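One structure below.
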Amino acid sequence: MSIILGLIAPFFWLGFFLMEDREHPEPKFMIFLIFIAGAFSALLSLSPEIYLTAEFPQTGLAHQSSLLVPFAFIEEFAKFTVVYLIIKYSKYFDEKVDAMIYMITAALGFAAIENIFNLFNVLEFHEVLQATVVRGIGATLLHAVASGLFAFYWMKGKPFIGLFNATLLHASFNYLILRIEGDAKIYVILILVVAAFFLFRDFEIIKKPREHLVGNVRA
(Lines of atoms letter the chains of each structure in order from A; the text may use other names.)
(Lines give C-alpha, C1' and ligand atoms only; values in the text may rest on other atoms or scores of the structure.)
Protein backbone atom coordinates (compact mmCIF):
# COMPACT_ATOMS: atom_id res chain seq x y z
CA MET A 208 0.00 0.00 0.00
CA SER A 209 2.81 2.43 0.91
CA ILE A 210 4.50 1.77 -2.43
CA ILE A 211 1.33 2.44 -4.42
CA LEU A 212 0.45 5.60 -2.50
CA GLY A 213 4.03 6.79 -2.64
CA LEU A 214 3.96 6.66 -6.43
CA ILE A 215 0.64 8.46 -6.96
CA ALA A 216 1.91 12.04 -6.63
CA PRO A 217 5.14 11.50 -8.63
CA PHE A 218 3.19 9.90 -11.49
CA PHE A 219 0.60 12.68 -11.39
CA TRP A 220 3.22 15.43 -11.57
CA LEU A 221 5.19 13.51 -14.19
CA GLY A 222 2.18 13.39 -16.50
CA PHE A 223 1.52 17.05 -15.79
CA PHE A 224 5.03 18.23 -16.65
CA LEU A 225 5.37 15.97 -19.68
CA MET A 226 2.61 18.03 -21.30
CA GLU A 227 5.18 20.83 -21.56
CA ASP A 228 6.96 18.80 -24.25
CA ARG A 229 3.98 17.59 -26.27
CA GLU A 230 5.36 18.77 -29.61
CA HIS A 231 8.49 16.62 -29.45
CA PRO A 232 7.95 14.15 -26.57
CA GLU A 233 10.83 12.12 -25.22
CA PRO A 234 10.83 8.32 -25.76
CA LYS A 235 8.96 6.48 -23.03
CA PHE A 236 11.92 4.22 -22.32
CA MET A 237 14.09 7.31 -21.67
CA ILE A 238 11.51 8.72 -19.27
CA PHE A 239 11.37 5.35 -17.49
CA LEU A 240 15.18 5.11 -17.36
CA ILE A 241 15.58 8.63 -15.97
CA PHE A 242 12.81 8.06 -13.41
CA ILE A 243 14.56 4.92 -12.15
CA ALA A 244 17.89 6.75 -12.13
CA GLY A 245 16.30 9.50 -10.05
CA ALA A 246 15.06 6.89 -7.59
CA PHE A 247 18.59 5.47 -7.46
CA SER A 248 19.98 8.95 -6.77
CA ALA A 249 17.85 9.05 -3.62
CA LEU A 250 19.68 5.96 -2.40
CA LEU A 251 23.03 7.51 -3.37
CA SER A 252 22.21 10.56 -1.28
CA LEU A 253 21.76 8.46 1.84
CA SER A 254 25.46 7.78 2.40
CA PRO A 255 26.66 11.40 2.69
CA GLU A 256 23.53 12.36 4.62
CA ILE A 257 24.02 9.52 7.10
CA TYR A 258 27.67 10.54 7.41
CA LEU A 259 26.77 14.15 8.20
CA THR A 260 24.15 13.08 10.70
CA ALA A 261 26.68 10.83 12.44
CA GLU A 262 29.34 13.55 12.47
CA PHE A 263 26.92 16.07 13.97
CA PRO A 264 24.74 13.93 16.25
CA GLN A 265 23.05 16.72 18.20
CA THR A 266 19.27 16.84 18.26
CA GLY A 267 16.72 19.62 18.20
CA LEU A 268 15.32 22.07 15.69
CA ALA A 269 18.47 24.20 15.51
CA HIS A 270 20.57 21.15 14.65
CA GLN A 271 18.07 19.98 12.02
CA SER A 272 18.09 23.44 10.45
CA SER A 273 21.90 23.50 10.24
CA LEU A 274 21.87 20.39 8.05
CA LEU A 275 19.19 21.57 5.64
CA VAL A 276 21.55 23.32 3.22
CA PRO A 277 24.09 20.47 2.90
CA PHE A 278 21.27 17.93 2.60
CA ALA A 279 19.55 20.01 -0.10
CA PHE A 280 22.85 20.43 -1.95
CA ILE A 281 23.56 16.69 -1.83
CA GLU A 282 20.12 15.80 -3.17
CA GLU A 283 20.08 18.39 -5.96
CA PHE A 284 23.59 17.45 -7.05
CA ALA A 285 22.75 13.73 -6.97
CA LYS A 286 19.72 14.21 -9.22
CA PHE A 287 21.74 16.29 -11.65
CA THR A 288 24.60 13.78 -11.73
CA VAL A 289 22.51 10.79 -12.77
CA VAL A 290 20.73 12.80 -15.46
CA TYR A 291 23.98 14.22 -16.82
CA LEU A 292 25.65 10.81 -17.01
CA ILE A 293 22.71 9.29 -18.89
CA ILE A 294 21.95 12.05 -21.38
CA LYS A 295 25.44 13.47 -21.93
CA TYR A 296 25.87 11.85 -25.35
CA SER A 297 22.30 10.67 -25.91
CA LYS A 298 20.72 11.30 -29.30
CA TYR A 299 17.47 11.86 -27.42
CA PHE A 300 18.86 15.03 -25.87
CA ASP A 301 18.65 17.44 -28.79
CA GLU A 302 16.62 20.35 -27.38
CA LYS A 303 17.21 22.51 -24.34
CA VAL A 304 13.72 21.82 -23.04
CA ASP A 305 14.69 18.14 -22.85
CA ALA A 306 17.03 18.95 -19.95
CA MET A 307 14.13 20.36 -17.94
CA ILE A 308 11.97 17.33 -18.72
CA TYR A 309 14.69 14.85 -17.78
CA MET A 310 15.67 16.68 -14.60
CA ILE A 311 12.07 16.91 -13.44
CA THR A 312 11.57 13.22 -14.23
CA ALA A 313 14.62 12.27 -12.16
CA ALA A 314 13.40 14.51 -9.34
CA LEU A 315 10.06 12.72 -9.28
CA GLY A 316 11.83 9.36 -9.16
CA PHE A 317 13.78 10.69 -6.19
CA ALA A 318 10.58 11.93 -4.55
CA ALA A 319 8.90 8.56 -5.09
CA ILE A 320 11.55 6.80 -3.00
CA GLU A 321 11.29 9.47 -0.30
CA ASN A 322 7.50 9.12 -0.24
CA ILE A 323 7.61 5.34 0.05
CA PHE A 324 10.15 5.42 2.89
CA ASN A 325 8.15 8.06 4.75
CA LEU A 326 4.84 6.23 4.34
CA PHE A 327 6.33 2.99 5.67
CA ASN A 328 6.80 4.80 8.99
CA VAL A 329 3.14 5.81 9.22
CA LEU A 330 0.92 3.23 10.89
CA GLU A 331 -2.65 4.57 10.85
CA PHE A 332 -4.44 4.42 7.49
CA HIS A 333 -5.93 7.92 7.75
CA GLU A 334 -2.46 9.26 8.54
CA VAL A 335 -1.07 7.47 5.49
CA LEU A 336 -3.66 9.17 3.28
CA GLN A 337 -2.96 12.53 4.88
CA ALA A 338 0.79 12.11 4.42
CA THR A 339 0.24 11.13 0.78
CA VAL A 340 -1.65 14.35 0.07
CA VAL A 341 0.71 16.58 2.05
CA ARG A 342 3.83 15.16 0.42
CA GLY A 343 2.15 15.22 -2.97
CA ILE A 344 1.61 18.99 -2.93
CA GLY A 345 4.69 19.67 -0.84
CA ALA A 346 7.89 17.66 -1.00
CA THR A 347 7.11 15.94 -4.32
CA LEU A 348 6.35 19.19 -6.13
CA LEU A 349 9.37 20.79 -4.44
CA HIS A 350 11.74 18.24 -5.96
CA ALA A 351 10.25 18.77 -9.42
CA VAL A 352 10.34 22.57 -9.28
CA ALA A 353 13.86 22.77 -7.82
CA SER A 354 15.30 20.42 -10.44
CA GLY A 355 13.40 22.13 -13.24
CA LEU A 356 14.86 25.50 -12.24
CA PHE A 357 18.31 23.92 -12.04
CA ALA A 358 17.94 22.58 -15.58
CA PHE A 359 16.79 25.95 -16.92
CA TYR A 360 19.95 27.69 -15.73
CA TRP A 361 22.05 24.74 -16.86
CA MET A 362 20.75 25.20 -20.39
CA LYS A 363 21.43 28.93 -20.12
CA GLY A 364 25.09 28.09 -19.50
CA LYS A 365 24.86 28.88 -15.76
CA PRO A 366 24.83 25.47 -14.02
CA PHE A 367 26.31 26.77 -10.77
CA ILE A 368 23.59 29.40 -10.48
CA GLY A 369 21.08 26.64 -11.17
CA LEU A 370 22.51 24.45 -8.43
CA PHE A 371 22.58 27.40 -6.03
CA ASN A 372 18.95 28.35 -6.74
CA ALA A 373 17.74 24.75 -6.49
CA THR A 374 19.57 24.26 -3.20
CA LEU A 375 18.27 27.56 -1.83
CA LEU A 376 14.65 26.78 -2.74
CA HIS A 377 14.93 23.24 -1.39
CA ALA A 378 16.54 24.24 1.91
CA SER A 379 14.25 27.25 2.41
CA PHE A 380 11.12 25.17 1.90
CA ASN A 381 12.29 22.54 4.40
CA TYR A 382 13.32 25.23 6.90
CA LEU A 383 9.91 26.89 6.77
CA ILE A 384 8.13 23.54 7.09
CA LEU A 385 10.16 22.85 10.24
CA ARG A 386 9.68 26.32 11.72
CA ILE A 387 6.04 27.05 10.92
CA GLU A 388 3.30 25.20 12.76
CA GLY A 389 -0.36 24.44 12.16
CA ASP A 390 -2.45 25.90 9.36
CA ALA A 391 0.20 28.53 8.63
CA LYS A 392 2.08 25.85 6.67
CA ILE A 393 -0.29 26.59 3.79
CA TYR A 394 1.72 29.75 3.15
CA VAL A 395 4.80 27.62 2.55
CA ILE A 396 2.87 25.69 -0.09
CA LEU A 397 1.82 28.98 -1.69
CA ILE A 398 5.47 30.01 -1.95
CA LEU A 399 6.13 26.73 -3.73
CA VAL A 400 3.22 27.38 -6.09
CA VAL A 401 4.72 30.78 -6.95
CA ALA A 402 8.04 29.07 -7.69
CA ALA A 403 6.17 26.64 -9.94
CA PHE A 404 4.73 29.57 -11.92
CA PHE A 405 8.28 30.82 -12.51
CA LEU A 406 9.19 27.34 -13.69
CA PHE A 407 6.39 27.37 -16.28
CA ARG A 408 7.61 30.78 -17.41
CA ASP A 409 11.06 29.25 -17.84
CA PHE A 410 9.55 26.47 -19.94
CA GLU A 411 8.09 29.06 -22.31
CA ILE A 412 11.39 30.94 -22.49
CA ILE A 413 13.35 27.81 -23.31
CA LYS A 414 10.81 26.63 -25.90
CA LYS A 415 10.36 29.88 -27.89
CA PRO A 416 12.08 29.51 -30.21
CA ARG A 417 12.79 25.83 -29.63
CA GLU A 418 16.55 25.73 -29.25
CA HIS A 419 18.45 22.70 -30.47
CA LEU A 420 21.71 21.48 -29.03
CA VAL A 421 24.81 20.88 -31.05
CA GLY A 422 27.64 18.74 -29.71
CA ASN A 423 28.13 17.85 -26.08
CA VAL A 424 25.84 18.69 -23.23
CA ARG A 425 26.64 21.94 -21.51
CA ALA A 426 27.91 21.60 -17.97
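With our numbering applied, the sequence shown covers 208 to 426.
The beta-carbon is built from N, C-alpha and C at its ideal position, and this holds for glycine as well.
Computed from a predicted model, the values in this text were never measured in an experiment.
Would residue i pass as a contact of residue j if the rule is Cβ separation under 9 Å?
i: Gly316; j: Ala373; result: no
i: Val400; j: Ile387; result: no
i: Tyr309; j: Glu411; result: no
i: Ala249; j: Ala285; result: yes
i: Val289; j: Phe263; result: no
i: Trp220; j: Ile323; result: no
i: Phe327; j: Ser209; result: yes
i: Gly213; j: Ile320; result: yes
i: Asp409; j: Leu356; result: yes
i: Ala358; j: Leu376; result: no
Of the residues the options, which one's Cα is nearest the Cα of residue i?
i: Leu385; options: Pro234, Lys298, Leu274, Phe324; result: Leu274
i: Tyr299; options: Pro217, Met237, Asn322, Ile320; result: Met237
i: Ala314; options: Ser354, Phe284, Lys235; result: Ser354
i: Ser252; options: Arg229, Tyr382, Phe287, Leu292; result: Phe287
i: Ala351; options: Leu406, Thr339, Tyr360; result: Leu406
i: Leu370; options: Glu302, Ile215, Phe239, Ala279; result: Ala279
i: Tyr360; options: Leu326, Lys303, Ile293, Tyr258; result: Lys303
i: Ala378; options: Val276, Ile293, Ala403; result: Val276
i: Leu225; options: Lys365, Met307, Pro366; result: Met307
i: Gly345; options: Tyr291, Ser272, Leu397, Leu259; result: Leu397
i: Glu256; options: Leu240, Ser272, Ile281, Lys235; result: Ile281
i: Phe404; options: Lys365, Leu348, Leu292; result: Leu348
i: Ile294; options: Asn325, Leu240, Val340, Leu259; result: Leu240
i: Ala216; options: Lys415, Thr339, Lys363; result: Thr339
i: Tyr382; options: Phe218, Leu292, Ser272, Tyr258; result: Ser272
With 16 as the cutoff for other CB atoms within 10 Å, does residue i come out buried or exposed?
i: Tyr296; result: exposed
i: Arg342; result: buried
i: Ile211; result: exposed
i: Ala261; result: exposed
i: Ile413; result: buried
i: Glu227; result: buried
i: Glu283; result: buried
i: Asp305; result: buried
i: Phe242; result: buried
Please confirm whether any heavy atom of the ligand NAP lies closer than 8 Å to the CB of residue i.
i: Phe280; result: The ligand NAP is not part of the structure shown, which contains no ligands of any sort.
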